[in-house]
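Trainee:
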Amino acid sequence: MEYFLIASFLFICLLLGSFFSVLVYRLPIILQKHWHKESQWYLNHEKTQQCNLKNFNIFFPFSHCPNCREYLTFLQKIPLLSYFFLKRECAYCHIKISFFYPLIEILTLITSVVVFERFGISLQTFPALILTWGLLILAFIDFEYEILPDIIIYPLLWCGLISSLFHLFVSPTEAILGAFFAYLFLYALAKMYQILRKIKAMGEGDFKCFALLGAWLGLKALPYILFIAATAGSLTGIVLYLQKKDSLRKKGIAFGPYLALSGWVILIGRFSFNPFF
1456 MEYFLIASFL FICLLLGSFF SVLVYRLPII LQKHWHKESQ WYLNHEKTQQ CNLKNFNIFF
1516 PFSHCPNCRE YLTFLQKIPL LSYFFLKREC AYCHIKISFF YPLIEILTLI TSVVVFERFG
1576 ISLQTFPALI LTWGLLILAF IDFEYEILPD IIIYPLLWCG LISSLFHLFV SPTEAILGAF
1636 FAYLFLYALA KMYQILRKIK AMGEGDFKCF ALLGAWLGLK ALPYILFIAA TAGSLTGIVL
1696 YLQKKDSLRK KGIAFGPYLA LSGWVILIGR FSFNPFF
């Protein structure tokens, strides 16, 4: 029975990872279409050229190959399985499959196992999984599209505040102060940098992402989250500079993935060996 439960948990993680990969791909397109319609309404351009973005939602049409448009079978919808069993190519048109989406499944599986290992069967486990999955989705969307959607950030922020009512991770006072000062500090830092360098270094999504981490992990965790994120981002920038990745350097480095990574590290580390807290 124990092995069956473990296998079931791992398989569910793979299924969730598959859904997250769909979310990472489709949600930005859906949001762009929505923003396009809003801009048409705001500008009152009824005859504006129609948005050429794909008209679909998260669940429809069913998953298909973006090249040949053939629908995928159930097992093919799990990128990790199809990536290896189909030798990294589409079963129909044989176009190469990007490793980007199987990577989402792999990280969903690994991070979920780590969370379960750290918290075991407790009241903290499911909320910690929710935060982990949300941060994973935000990190991949920001990495690929450089946006941090409010539709994911705000529910996570409220989940952090609600969990504080039960003192699962921090107290309500710590959660509120953490969210408030996280947003305020990063906003002030970005504005100062913009004034001094005449360059916009961060967007509002980064401020909100830092705020949701403050709501989950409290005021005391903020310096460590920011330090880890800034260090990881700086190291990435140095590597890109040394490798002369001009396209990536001109595009800039999304800060969201590093905030997500550092927040998750503090979530796991803080409640396993309690460093500095």
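1456 is the number of the first residue of the sequence shown in my numbering; add one for each residue after it. Even for Gly, the Cβ is constructed at its ideal location relative to N, Cα and C. The structure displayed is predicted, hence computed values, not measured ones.
Roughly how many angstroms separate the alpha carbons of Glu1493 and Tyr1538, rounded to a whole number?
Mentor: Each residue's Cα considered, the two are about 38 Å apart.
Trainee: If I follow the unbroken alpha helix (DSSP H) through Phe1665, where does it start and stop?
Mentor: Phe1665 -> alpha helix (DSSP H) spans Glu1659 to Leu1672.
Trainee: Does the Cβ-Cβ distance between Gly1673 and Gly1724 come in under 8 Å?
Mentor: Going by C-beta atoms, Gly1673 is not nearer than 8 Å to Gly1724.
Trainee: Is His1489 helix, strand or coil when you go by DSSP?
Mentor: His1489: helix per DSSP, three-state reduction.
Trainee: Between the Cα of Phe1636 and the Cα atoms of Phe1662, Tyr1480 and Leu1586, which residue gives the shortest distance?
Mentor: The residue with the shortest Cα to Cα distance from Phe1636 is Phe1662.
Trainee: Ignore the nearest five residues each way along the sequence and tell me which others in Ser1717's own chain have a CB closer than 6 Å to its CB.
Mentor: Cβ within range, chain order: Ile1680, Ile1683 and Ala1684.
Trainee: Just curious, the alpha helix (DSSP H) that Phe1640 is in, first and last residue?
Mentor: Note, Phe1640: alpha helix (DSSP H), Pro1627 to Arg1652.
Trainee: Would you identify the three-state DSSP class for Tyr1526, choosing helix, strand or coil?
Mentor: Tyr1526 falls in the strand class under three-state DSSP.
Trainee: Straight-line CA distance for Leu1714 to Ala1656?
Mentor: Their backbone Cα atoms lie some 14 Å apart in a straight line.
Trainee: Hey, is the region 1584-1597 in contact with the region 1638-1650, meaning 3+ C-beta pairs nearer than 8 Å?
Mentor: The region 1584-1597 is not in contact with the region 1638-1650.
Trainee: Pull up the distance between the alpha-carbon of Phe1571 and that of Ala1546, whole angstroms please.
Mentor: Their backbone Cα atoms lie some 35 Å apart in a straight line.
Trainee: If we count the other Cβ atoms within 10 Å of its Cβ and call it buried at 16 or more, is Asp1605 buried or exposed?
Mentor: Its Cβ having fewer than 16 others within 10 Å, Asp1605 is exposed.
Trainee: To the nearest angstrom, report how far apart Lys1502 and Leu1558 are at their CA atoms.
Mentor: In this predicted model, Lys1502 has a pLDDT of only 49, less than 50, meaning its place in the structure is not dependable enough to derive any value.
Trainee: Using 10 angstroms around the beta-carbon of Phe1728, count the other beta-carbons present and answer buried if the total reaches 16, otherwise exposed.
Mentor: Unreliable placement is indicated for Phe1728, whose pLDDT of 45 sits below 50; no coordinate value is reported for it.
Trainee: Just to confirm, are Tyr1600 and Pro1483 a CB contact at a threshold of 8 Å?
Mentor: Cβ atoms of Tyr1600 and Pro1483: closer than 8 Å.
Trainee: Quick one: using the 10 Å Cβ neighbour count with 16 as the cut-off for buried, is Glu1560 buried or exposed?
Mentor: That one is buried.
Trainee: Per the DSSP calculation, His1519 is bridged to which residue(s)?
Mentor: Tyr1526.
Trainee: Mapping the DSSP letters down to three states, classify Lys1551 as helix, strand or coil.
Mentor: Looking at Lys1551 - three-state DSSP - the assignment turns out to be strand.
Trainee: Name the two residues that bound the continuous alpha helix (DSSP H) containing Leu1623.
Mentor: Taken as a continuous stretch (DSSP letters only), Leu1623 belongs to no alpha helix (DSSP H), as it is neither H nor E.
Trainee: Since Ile1585 is in the alpha helix (DSSP H), which residue starts that stretch and which ends it?
Mentor: Counting along the chain, the alpha helix (DSSP H) containing Ile1585 begins and ends at Thr1580 to Tyr1600.
Trainee: Would you grab the beta carbon distance between Val1477 and Ser1518 for me? Rounded to a whole angstrom, and I think it's under 8 Å.
Mentor: That pair is a contact at about 6 Å.
Trainee: Which residue from Leu1564, Asp1597 and Leu1623 puts its Cα closest to that of Ser1577?
Mentor: It is Leu1623.
Trainee: Would you decide whether Ile1592 is buried or exposed? Buried here means 16 or more other CB atoms lie within 10 Å of its CB.
Mentor: It counts as buried.
Trainee: Can the beta-carbon of Gly1692 be found less than 8 Å from the beta-carbon of Leu1564?
Mentor: Cβ distance not < 8 Å, so Gly1692 and Leu1564 don't count as in contact.
Trainee: Can you grab the Cα-Cα spacing for the pair Phe1574 / Thr1628, in whole Å?
Mentor: Answer to the nearest angstrom: the Cα atoms are 23 Å apart.
Trainee: So what does Glu1544 bridge to, in DSSP terms?
Mentor: Glu1544 is bridged to Lys1551.
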